[in-house]
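Visitor: For the record, in the sequence shown the residue sitting at position 513 is 823 according to the numbering used here, with numbers rising by one throughout. C-beta atoms are modelled at their ideal positions from N, C-alpha and C, and glycine is treated no differently. Source: prediction; values computed, not measured.
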Amino acid sequence: MSQKGIIYLPVLLVAIVGVLAFLVISSNAPLRDQLLNSLYPKSKSHAAAPWDGVPSINIDYNQDVETYWANHPFNPSSPNYRPDINSPSNQVNVATQFGGNTQAALDSLPSSGGTLYFPAGDYSNFTLVGKNNVHFIGNPGATIAGTSRIAGCDTALNYHDFSLAVTNRDPDALSCATTNRLKNIYFKNITFDGGGSALDAFDLHAVQDMVIDNATFQNFADYTLDPSLHIGQISGASMLDNIWVRNSSFLGKTAFSIYVDGMHGGGMINNTFSNNHRRGYLLFLTNDDFTKDYNGNGSFEDWEVRSAKYNVVYGNTFDGGLKNYDGSPVTSYEIAAFTGANNLVMGNIITNRVTNIGAFDAKTALVNDTYTYSYYGNKIIANDARGGVSYLMEINGGTCPSGQNNFAHVGKYEIKNNRAASGQTIVENPTGCSSIEGPNVVNGNCFGTNCPAPSSDPTPSSNPTQTPIPTPTPSPTPAGSPTPVPSNNANANFPIGVFEDGNMVWGEIPTFTDMVNDLQSKGMNAVIFGNNNASRDEPILNVSDQKNFNVYFGAHSETDSYFSDPTPTLQEARNIIYPVVDLIKTQFR
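1. Out of 383, 405, 569, 605, state which residue places its alpha-carbon closest to the alpha-carbon of residue 487.
2. Would residue 716 pass as a contact of residue 680 if the rule is Cβ separation under 8 Å?
3. With a Cβ-Cβ cutoff of 8 Å, do residue 410 and residue 433 count as a contact?
4. What residues are listed by DSSP as bridge partners for residue 615?
5. Taking buried to mean at least 16 other C-beta atoms within 10 Å of its own C-beta, is residue 807 buried or exposed?
6. So who's on the other strand from residue 497, going by DSSP bridges?
7. Please report how far the alpha carbon of residue 373 lies from the alpha carbon of residue 406, in whole angstroms.
8. If we ignore side chains and look at the alpha-carbon of each, how far apart do residue 617 and residue 655 end up?
9. Spatial neighbours of residue 392 within its chain, please: CB distance less than 6 Å, with the 5 preceding and 5 following residues excluded, ordered by chain position.
10. At the level of alpha carbons, what is the spacing between residue 489 and residue 676?
11. Residue 417: which of 429, 402, 431 sits nearest, CA to CA?
12. Can you pull the DSSP bridge partners for residue 671?
13. Tell me the DSSP bridge mates of residue 735?
14. Does the contact criterion of 3 or more C-beta pairs under 8 Å hold for the segment 448-464 versus the segment 494-502?
15. Just tell me which of 601, 763, 745 has its CA closest to the CA of residue 693.
16. Quickly, what does DSSP pair residue 757 with across the bridge? List them, please.
17. Does DSSP put residue 452 in a helix, a strand or coil?
18. Let's see if you can read the secondary structure: which residues bound the beta strand (DSSP E) around residue 403?
19. When you compare each of 653, 734, 512 to residue 456 by their alpha carbons, which one comes out closest?
20. Go ahead and label residue 479 buried or exposed: buried means 16 or more other beta carbons lie within 10 angstroms of its beta carbon, across all protein chains shown.
21. Is the Cβ-Cβ distance between residue 542 and residue 571 less than 8 Å?
22. Run through DSSP, which three-state label would residue 643 get?
23. Please state the DSSP three-state secondary structure of residue 388.
24. Compute the beta-carbon to beta-carbon distance between residue 967 and residue 653, rounded to the nearest angstrom, for a pair I have assumed lies under 8 Å.
25. Output needed for residue 670: all residues of its chain with C-beta closer than 6 Å, excluding positions within five of it in sequence on either side, in chain order.
26. Please state whether DSSP places residue 516 in a helix, a strand or coil.
27. Excluding the 5 residues flanking residue 520 on each side, which residues of the same chain have their C-beta closer than 6 Å to its C-beta?
28. Tell me, which residues are paired with residue 376 by DSSP?
29. Comparing alpha-carbon positions, which option in 614, 560, 591 lies nearest residue 602?
30. Taking residue 718 and residue 682 to be in contact with their CB atoms under 8 Å, please state how far apart those CB atoms are, rounded to whole angstroms.
31. Between 551, 666, 684, which lies nearest to residue 722 when the distance is taken from Cα to Cα?
32. When the Cα atoms are used, what is the spatial distance from residue 623 to residue 564?
33. Apart from the five residues on each side of it in sequence, which residues of its chain come closer than 6 Å, Cβ to Cβ, to residue 646?
34. Using the C-alpha atoms, what's the distance from residue 408 back to residue 578?
35. With burial defined as no fewer than 16 other Cβ atoms inside 10 Å of the residue's Cβ, what is the status of residue 465: buried or exposed?
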């Protein structure tokens, strides 16, 4: 059986047969953890403390986006990784107290906010305006139907009225667009279902500091039935900052998964996109109507310029293909498209063929014709286009509006360490008004089936499993600790996490998913299976592939192998394991 992400161990692993049984003598989790910690003592480091609500994360606009992301607390590879979010203690059960009426439950919260708890069941959509610190926490099976609207003020619900009020410097509108945007909004473990007709799950305006975790987006209006539905499952405009979607699933047939204008400092982390999105996946555009001199100092500061800035697309899997409205395969769409500066597309896996990984186009300012946009610093790094591409990046000079000379600047991009199963062009420069400026960095990219893995390819964090929770307060997911090594050889760097009896998993995807999540939370990145059964275990290997988690087969490197005679003592287990690890660790340095 050949499977990506699986490595067959040499016959040397026969020595591990005994210890395989020893490590699975009990399914008791505390005992299992005790055994693992004895065999592989863990680092003294502890998981970072959860945030008290969704954090406000400031952007240093002088940083390049790669540096910004390397230090970001939501980056699983960052030393500052701090993903977990605590919810307000005042809690309302939407099912038992309000019969599934989300709006009524929301209205019952005080002005200071609170937590809405959703047991498994069906719930109505809602409109949230001007009330900060509201968290929506579900158990698996909790489903909110239709489109929900979230805004900082009532005026913001109408794009035209809000834009006009801001332009006329209405004090309330300016406050809503700047200092009084909606803050600390959190969703976890909820399915958003369009029922086949709703256009989107969220319509966002004047919102910042919002996170969506472990959600599913499904059954929204099918673009194939109406090509005018140029919209995303998450849509928004008019002053958006710091909005993130993590570890979620987007089931397609909409034109896009996300379509936001003018967002700064947000992004998509470790999500899965599937089932034929129709125009592309992610759209981050310039919101020209809201590029204003808000503070009235006579200049446009970085935060006032509402091009897409410092948005990150990281560690996602794009699967299932792209289709036109008539159902035919697309010929000209990408994973992510931007009109903005300092955006990053990094470490993603694309299984279907796409035209390009990222498109970065110029847009000339029309509302403020004295301002010139600069679209510099965008990067495409370490992506794996397994279905092939026509080219890695599209960069376009945009159109030339008649009578204007403030044409946008574009260029100074980086394309590094990407691989594509097929394709031959790094950059496509369609005709456009603005010339492409440098310097630009292009290196380490590879086309073909024999390309090495992207050298900067980050290890995406695991997809937390949607397990039931007894209260609305979300349980923190521990941050990963360094990969443990045998205690008697500090120089080892062997990527084995645990030895496992395949019969404990029994080919069940949910069980294996839980195991992988647990191991990755302990800093481990692989498992050795004994008692393997090829026909039974084949489906679960898709889980390990998606999570960048290795599966090794023992005891004879076979996919059907069995053992007996458990090892009786911990010391004997150590005596068996360490010499074998020392013998074979050099293969994986």
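Guide: In brief:
1. Residue nearest to residue 487 within the set 383, 405, 569, 605 is 605 (criterion: CA-CA distance).
2. In this structure, residue 680 lies closer than 8 Å to residue 716 by Cβ.
3. Yes; because the gap between Cβ atoms is below 8 Å, this pair is in contact.
4. Note: residue 615 sits in no beta bridge, so no partner.
5. Bear in mind that the predicted position of residue 807 carries a pLDDT of just 46, short of 50, making it unreliable; the figure below should be weighed with that in mind. With 16 or more other Cβ atoms within 10 Å, it is buried.
6. By DSSP's assignment, residue 497 forms a beta bridge with 446, 522.
7. The alpha-carbon atoms of residue 373 and residue 406 are separated by roughly 49 Å.
8. The straight-line gap from Cα to Cα measures roughly 17 Å.
9. For residue 392, the CB contacts under 6 Å within the same chain, skipping 5 residues up- and downstream, are 358, 383 in chain order.
10. Straight-line measurement puts the Cα of residue 676 at about 26 Å from the Cα of residue 489.
11. Ranking the options by Cα distance to residue 417, first place goes to 402.
12. The partner list for residue 671 (beta bridge, DSSP) reads 706.
13. Per DSSP, 701.
14. Yes, since at least three Cβ pairs between the segment 448-464 and the segment 494-502 fall closer than 8 Å, the two stretches touch.
15. Cα-wise, what sits closest to residue 693 is 763.
16. DSSP, once it has assigned bridges, lists 730 as partnering residue 757.
17. DSSP places residue 452 in strand when its eight states are reduced to three.
18. DSSP places residue 403 inside the beta strand (DSSP E), whose first and last residues are 401-403.
19. The shortest Cα separation from residue 456 among 653, 734, 512 belongs to 512.
20. With a threshold of 16 other beta carbon atoms within 10 Å, residue 479 falls short and is exposed.
21. No; because the gap between Cβ atoms is not below 8 Å, this pair is not in contact.
22. Correct three-state label for residue 643: coil.
23. Here residue 388 carries a coil assignment [DSSP, helix/strand/coil].
24. Only positions 311 to 899 of the chain appear in this structure, which leaves residue 967 out of reach.
25. Close CB contacts of residue 670 within its chain, under the 6 Å cut and outside five residues either way in sequence, are with 648, 688, 705 (chain order).
26. Note: residue 516 maps to strand in three-state DSSP.
27. Beyond the five residues adjoining it in sequence on each side, residue 520 comes within less than 6 Å, by CB distance, of 495, 553 in the same chain, given in chain order.
28. Among the bridge pairs identified by DSSP, residue 376 is matched with none.
29. Between residue 602 and the set 614, 560, 591, the nearest pair of CA atoms involves 614.
30. Between residue 718 and residue 682 the beta-carbon gap is near 6 Å, inside 8 Å, which marks them as a contact.
31. Looking at the Cα atoms, 684 is the closest of the given residues.
32. Approximately 19 Å between the Cα atoms of the pair.
33. Cβ neighbours of residue 646 beyond the five flanking positions: 592, 623, 655, 668.
34. Rounded to the nearest angstrom, the two C-alpha atoms are 32 Å apart.
35. Buried, since its Cβ has 16 or more Cβ neighbours within 10 Å.
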